[in-house]
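For the sequence shown, UniProt numbering gives the first residue as 1, with consecutive numbering after it. Worksheet: the structure to be examined is printed underneath.
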Amino acid sequence: MPHRILIVEDERIPAADLELRLTALGYEVVGSVATGADALRLAGERAPDLVLMDIRLRGDLDGIDAADRVRAEHFVPVVFLTAHSDDETLTRARVAEPYGYLLKPFQERELRTVIEMALYKHAAERRLRASERRYATTLASIGDGVIATDRAGAVTFLNPVAERLTGWPLAEAAGRSLHDVFVISNEATRLPVENPVDRVLREGRVVGLANHTVLTARTGGECPIDDCAAPILDDRGAVDGAVLVFRDITARRRQEDEKARLDEKLREGTKLEAIGRLAGGVAHDFNNLLTVINGYADLLLAGLTERGPLWEPLAAIQDAGERAARLTQQLLAFSRRSMVEPKVLDLNAVATHIGKLLRRLIGEHITLALALDPYLAPVTADLGQIEQVIINLAVNARDAMPGGGRLTLETRNVELRPADTASQPDLRPGRYVRLAVADTGAGIPEDVRPHIFEPFFTTKGVGKGTGLGLAVVHGVVKQAGGHITVECPHGAGTTFVMLFPACAAPDAPAPAPAPVPTGGTETILLVEDEEPVRNIARIALDVQGYTVLTAGCAADALNVAAAHPGRIDLLVTDVVMPNAGGRELGDALRAARPNVKILFMSGYTDEAVVPDGAFGSGEAFIQKPFSPIGLARKVRAVLDARG
Numbered sequence: 001m002p003h004r005i006l007i008v009e010d011e012r013i014p015a016a017d018l019e020l021r022l023t024a025l026g027y028e029v030v031g032s033v034a035t036g037a038d039a040l041r042l043a044g045e046r047a048p049d050l051v052l053m054d055i056r057l058r059g060d061l062d063g064i065d066a067a068d069r070v071r072a073e074h075f076v077p078v079v080f081l082t083a084h085s086d087d088e089t090l091t092r093a094r095v096a097e098p099y100g101y102l103l104k105p106f107q108e109r110e111l112r113t114v115i116e117m118a119l120y121k122h123a124a125e126r127r128l129r130a131s132e133r134r135y136a137t138t139l140a141s142i143g144d145g146v147i148a149t150d151r152a153g154a155v156t157f158l159n160p161v162a163e164r165l166t167g168w169p170l171a172e173a174a175g176r177s178l179h180d181v182f183v184i185s186n187e188a189t190r191l192p193v194e195n196p197v198d199r200v201l202r203e204g205r206v207v208g209l210a211n212h213t214v215l216t217a218r219t220g221g222e223c224p225i226d227d228c229a230a231p232i233l234d235d236r237g238a239v240d241g242a243v244l245v246f247r248d249i250t251a252r253r254r255q256e257d258e259k260a261r262l263d264e265k266l267r268e269g270t271k272l273e274a275i276g277r278l279a280g281g282v283a284h285d286f287n288n289l290l291t292v293i294n295g296y297a298d299l300l301l302a303g304l305t306e307r308g309p310l311w312e313p314l315a316a317i318q319d320a321g322e323r324a325a326r327l328t329q330q331l332l333a334f335s336r337r338s339m340v341e342p343k344v345l346d347l348n349a350v351a352t353h354i355g356k357l358l359r360r361l362i363g364e365h366i367t368l369a370l371a372l373d374p375y376l377a378p379v380t381a382d383l384g385q386i387e388q389v390i391i392n393l394a395v396n397a398r399d400a401m402p403g404g405g406r407l408t409l410e411t412r413n414v415e416l417r418p419a420d421t422a423s424q425p426d427l428r429p430g431r432y433v434r435l436a437v438a439d440t441g442a443g444i445p446e447d448v449r450p451h452i453f454e455p456f457f458t459t460k461g462v463g464k465g466t467g468l469g470l471a472v473v474h475g476v477v478k479q480a481g482g483h484i485t486v487e488c489p490h491g492a493g494t495t496f497v498m499l500f501p502a503c504a505a506p507d508a509p510a511p512a513p514a515p516v517p518t519g520g521t522e523t524i525l526l527v528e529d530e531e532p533v534r535n536i537a538r539i540a541l542d543v544q545g546y547t548v549l550t551a552g553c554a555a556d557a558l559n560v561a562a563a564h565p566g567r568i569d570l571l572v573t574d575v576v577m578p579n580a581g582g583r584e585l586g587d588a589l590r591a592a593r594p595n596v597k598i599l600f601m602s603g604y605t606d607e608a609v610v611p612d613g614a615f616g617s618g619e620a621f622i623q624k625p626f627s628p629i630g631l632a633r634k635v636r637a638v639l640d641a642r643g
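This is the structure in structure tokens:
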């Protein structure tokens with residue numbers, strides 16, 4: 001296709017001659033006009049490849065003004081035709097950025113040369129513009145901020161992301177020093193940090209930004225960033241400028257902080273679980289010892305007819321044993337291995353009832369307030385354990401307010417959505433009952449909070465606390481399927497927030513059971529691998545009139561049962577024993593004697609035998625340490641139970 005040319009010449013004869021020459025050279029003439037206004041119109045209508053324009057035209061637009069508008073509005077190259085080459089004319093003509101000059105009169109060879117050079121130059125510029133558009137579109141579409149500078153560090157380009165983050169539009173930033181547009185400082189010290197572009201221009205290599213750098217926008221807003229800068233090289237490899245690429249890492253920083261928080265919660269949970277297993281194991285062994293100590297102390301005291309010289313030391317042994325038993329119960333509650341009797345509870349009723357005790361416990365210098373939701377949903381939990389939780393938290397609150405203050409028990413219903421539980425792996429969306437215990441004390445120091453639920457951790461002086469109170473609270477809440485957090489607003493005291501899964505309304509209360517007798521004549525098979533525990537249990541049952549068969553393991557127990565010709569009414573067995581446990585023994589014995597009843601006993605409720613720490617209906621359990629009379633009453637209740 002021949003190149004299409006528009007002639008703008010106000011002299012008719014030179015215009016006609018030029019048209020003939022162009023046609024002879026193989027070009028297509030799309031029009032010949034005499035004014036700048038017509039040239040501007042036809043340049044838009046016919047889209048020529050080139051305009052040959054006389055500099056001096058009649059009308060409002062001379063050739064120079066017309067050429068400037070043709071180039072700006074239609075991006076069509078212009079070659080000036082002129083018979084004048086004075087400095088003033090050439091100076092004005094340069095403003096229009098022409099692609100060449102033809103000084104009249106000219107030869108066809110000159111005409112062709114100037115036209116072809118102008119067309120070549122224009123084609124090169126079009127390719128360059130297309131490349132720049134692709135470059136600009138690419139930079140505008142990426143999510144990072146991009147700033148380019150010249151070799152002096154003055155801004156030459158900003159993409160939209162850089163405009164937004166710095167607050168500087170390109171039109172205002174262009175030509176300014178990068179230090180004015182890209183203002184950075186250290187996040188911790190707020191002192192200025194070296195701009196990476198300075199090093200790039202100085203050293204000619206890629207440079208990264210220092211960690212913990214903050215960008216301050218023109219509007220005063222701040223955001224943490226990371227970036228790198230690279231040199232722009234000319235054809236000879238010399239540094240001709242720099243390009244800076246940076247991004248707002250606020251979201252990433254938030255994700256990293258959240259991940260670190262979750263990792264810390266996981267480590268804390270793992271540590272507490274390990275401590276819990278240790279505590280449960282220690283409590284199990286300790287309870288066996290306490291069963292023996294407390295049992296013989298009870299038997300000896302029961303055998304004394306008067307307060308002789310042995311009464312006081314035996315009573316001291318009994319009192320110490322009972323205190324030790326309560327300590328092991330706290331360990332078991334922390335480790336979530338204590339035996340529970342879950343019931344449907346109204347936490348409002350629990351709080352109201354225990355409030356009477358709390359008023360005496362916390363003293364007159366502390367005000368007790370109840371903020372109870374009248375439409376509170378019920379929960380399923382062990383009543384005694386929930387009361388223990390409230391008491392433990394109240395005691396801590398009292399100690400945190402020696403000069404007086406306010407203790408508040410608050411309840412309300414809450415609905416947790418998926419977004420509410422995203423950062424709490426042990427919580428699921430659903431309906432919960434919120435129980436909060438708040439005080440107006442000094443609060444808990446931030447460095448102490450990660451340790452408050454650890455057993456034996458305490459900030460109280462020697463002899464003023466066991467460090468088990470909050471560990472017990474944590475264990476009880478978790479065993480009830482709940483969740484606990486602590487809130488310590490600066491200068492606003494401490495609030496422990498517990499969430500328990502809501503449940504359906506409770507059934508009507510069962511009638512109180514009649515008093516249980518303790519003795520009988522039935523035959524009992526007693527199985528316990530710890531000989532001292534087995535002996536005290538045998539003595540406790542012997543004195544009540546029972547016939548007691550004993551064994552130290554499951555295999556011996558089955559042999560004893562097989563050798564016994566008469567009826568065996570009850571199996572009393574430890575839960576955890578070597579080789580075979582109490583449940584396996586019970587199943588084997590029932591296969592031979594279907595009517596035998598079973599009473600399990602243990603220092604803790606092993607999850608393999610008692611899932612979730614609670615026996616199902618029809619299964620009986622007694623927690624060690626037990627007293628001789630306590631064992632006798634439990635045995636009698638199991639024997640008298642239906643089924």
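Built from N, CA and C at the ideal position, the CB exists for glycine as well.
- For the pair P429 and T440, the CB atoms are not nearer than the 7 Å cut-off.
- DSSP places N579 in the coil class of the three-state scheme, outside both helix and strand.
- Comparing C-alpha distances from L599 to each of L585, A641 and T573 shows the shortest one belongs to T573.
- The three-state reading of DSSP puts N559 in helix, counting H, G and I together.
- When DSSP states are grouped into helix, strand and coil, H483 belongs to the strand group.
- Counting of Cβ neighbours within 10 angstroms places P77 among the buried residues, the total reaching 16 or more.
- Here the C-alpha atom of L57 lies approximately 49 Å from the C-alpha atom of I142.
- C228 has G208 and V245 as its beta-bridge partners, per DSSP.
- With a cutoff of 7 Å on beta-carbon distance, E116 and D54 are scored as not near each other.
- Here the stretch 315-322 makes contact with the stretch 286-300; the two share three or more CB pairs at distances below 8 Å.
- With distances taken between CA atoms, S602 lies nearest to A537 out of G63, A537, L589 and F500.
- Taking the Cα of G363 as reference, the smallest distance to any Cα among S131, R406, E163 and L165 is reached at R406.
- 7 Å or more divides the Cβ of H353 from the Cβ of L427.
- Contact between A351 and T411 holds: CB atoms are separated by about 7 Å, below the 8 Å threshold.
- Comparing alpha-carbon positions, the option among F621, I622 and A557 lying closest to R590 turns out to be A557.
- Under the criterion of beta carbons closer than 8 Å, A229 and V200 qualify as touching, at roughly 5 Å.
- Its chain contains T573, D574, V575 and F600 as the residues whose beta carbon lies nearer than 6 Å to that of G582, once the 5 sequence neighbours on both sides are disregarded; these appear in chain order.
- Per DSSP, Q424 lies in no alpha helix (DSSP H) and is assigned neither H nor E.
- Counting the other CB atoms within 10 Å of its CB gives L499 a total of 16 or more, which places it among the buried residues.
- Of the other Cβ atoms in all chains shown, fewer than 16 fall within 10 Å of the Cβ of Q255; this residue is therefore exposed.
- In this structure K259 is exposed. Its beta-carbon is surrounded by fewer than 16 other beta-carbon atoms within 10 angstroms.
- The stretch 125-132 and the stretch 149-168 do not touch, with fewer than three beta-carbon pairs separated by less than 8 Å.
- Short of 7 Å from the beta carbon of P169, and not among the five residues preceding or following it, lie these beta carbons of its own chain, in chain order: E163.
- Per the C-alpha coordinates, the member of E530, L25, A377 and T35 positioned closest to L289 is E530.
- Around the Cβ of L376, a 10 Å sphere holds 16 or more other Cβ atoms; the residue is buried.
- Residues of the same chain with a CB within less than 8 Å of the CB of D62, apart from the 5 flanking positions on each side, are G36, I55 and R56 in chain order.
- Taking C-alpha positions only, V473 is separated from Q388 by approximately 8 Å.
- Rounded to the nearest whole angstrom, the CA to CA distance from R267 to E454 is 13 Å.
- Annotation: the continuous beta strand (DSSP E) that includes K343 extends over P342 to L345.
- Counting only the Cα atoms, R236 lies some 32 Å from V183.
- Around P625, the same chain offers N287, L290, T291, N294 and A325 as residues with beta carbons nearer than 6 Å, after the five sequence neighbours per side are excluded.
- With contacts defined by Cβ atoms closer than 7 Å, I5 and L50 form a contacting pair.
- Nearest neighbour of T189 by Cα position, chosen from P313, H212, A242 and G520, turns out to be H212.
- Check the Cα spacing between Q544 and each of V596, V635 and R534: the tightest is with V635.
- Here DSSP, grouped into helix, strand and coil, assigns L103 to strand.
- For a cut-off of 8 Å, the C-beta gap from K356 to L383 is around 16 Å, too long to register as a contact.
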